[in-house]
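Following: one structure in structure tokens, then a few remarks.
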């Protein structure tokens, strides 16, 4: 008498695992094929740029490396890094996808904040020498251009290491903080220079001359300056010279003409 053959539970479980694995592989193959299909390969990149004049649209389009990428697999950060490494005027980018094969690349450029004029001689005064080069920096301290732009503060300093693509750091980054703060006080800085770790700035009309210690606490010096300016305004006094390098700032006022 023949007995009916019975499958062991273990054999049934293994069979289900093989079937599920096969289904998973088929689904994976389908998904990969779908993603890599030519229908979903980027073939159009629209460019929108603001204050990024260091390259034209076609140069930005090619350097972004977006063309030919998968619509689903592209990494917007890769495009930004590629552009920022080649074009120093690029501050940030944003990629907007438009199904199935188009992206819009928005490029934000850096805004000129100050012009750095490089001095040849560390010891000589800026007035006694001609700068050997100039660079444009933004508020983050990134050196992004060599254009001769007007309407921004001229800052004289001696540092052979300043170059395109680099960032002002150390005490030099403090001068950017100072320029940003004094602007909120209504001080229109025309020019400034660094000497012996001190930063000297002049207003547009030549007065007052203000001296900061770049290696000391900038916030305390800024607070002291604000108090001095407020008091001078209340007293209707015109300031000629302010030295903030000391615990007790040195202040000199413009002498009032006799009536």
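Residue numbers (the numbering used here): 167 to 425. We put the beta carbon where it would ideally sit given N, CA and C, even for glycine. Keep in mind that this is a model prediction, so the values were computed, not measured.
Quick one: what's got a C-beta closer than 6 Å to residue 378's C-beta in the same chain, skipping five residues either side?
Here the set comprises 344, 365, 387 and 410.
According to DSSP, is residue 227 helix, strand or coil?
Residue state, collapsed to three classes: helix.
If you follow the beta strand (DSSP E) that residue 363 is part of, which residue opens it and which one closes it?
Run containing residue 363: none; DSSP gives neither H nor E here.
Assuming contact is defined by CB atoms lying nearer than 8 Å, are residue 231 and residue 222 in contact in what I supplied?
It is not a contact, given that the beta carbons lie outside the stated cut-off.
Following the continuous alpha helix (DSSP H) through residue 399, name the residue where it begins and the one where it ends.
Looking at the DSSP string, the run of the alpha helix (DSSP H) that includes residue 399 is 384-400.
Alpha carbon to alpha carbon, how far is residue 389 from residue 238?
Residue 389 and residue 238: Cα-Cα distance of roughly 52 Å.
Given this structure, state the Cα-to-Cα distance separating residue 318 from residue 356, to the nearest angstrom.
When rounded, the distance between both Cα atoms is 7 Å.
So if DSSP puts residue 271 in a beta bridge, which residue, or which two residues, is it bridged to?
According to DSSP, which records beta bridges pairwise, residue 271 is partnered with 213 and 261.
Does the pairing of the segment 321-334 with the segment 284-300 give three or more beta-carbon distances under 8 Å?
Segments in contact, yes.
Three-state secondary structure (DSSP) at residue 287?
In the structure shown, residue 287 sits in coil (DSSP, three-state: anything other than H, G, I, E or B).
On a Cα-Cα basis, can you pick out the residue from 392, 374, 275 and 260 that is closest to residue 408?
Comparing Cα positions, the closest option is 374.
Quick one: is residue 328 buried, meaning 16 or more other Cβ sit within 10 Å of its Cβ, or exposed?
Flag for residue 328 reads buried.
Just verifying my parser: in three-state terms, what is the DSSP assignment at residue 413?
In this structure, residue 413 counts as coil in the three-state DSSP scheme.
Have a look at the DSSP bridge pairing and note the partners of residue 241.
Bridge partners of residue 241: none, in fact.
Alpha carbons only, please: which of 265, 264 and 248 is nearest the one belonging to residue 257?
Among 265, 264 and 248, the Cα nearest to that of residue 257 belongs to 248.
May I ask you to report which of helix, strand or coil DSSP gives residue 189?
Helix at residue 189.
Give a yes or no on whether the C-beta atoms belonging to residue 272 and residue 224 are separated by under 8 Å.
Cβ distance not < 8 Å, so residue 272 and residue 224 don't count as in contact.
Figure out for me which residue from 190, 385 and 276 has the closest Cα to the Cα of residue 254.
Taking only the C-alpha atoms, the option nearest residue 254 is 276.
Please identify the residue among 278, 307 and 181 whose C-alpha is closest to the C-alpha of residue 216.
Residue 216 has its Cα closest to that of 278, out of 278, 307 and 181.
Using the Cα positions of residue 300 and residue 368, report the straight-line distance between them to the nearest angstrom.
Roughly 19 Å separates the two Cα atoms.
Please return the same chain residues whose Cβ sits closer than 6 Å to the Cβ of residue 341, not counting the five positions on each side in sequence.
Excluding residues within five positions, the ones whose Cβ falls inside 6 Å are 365.
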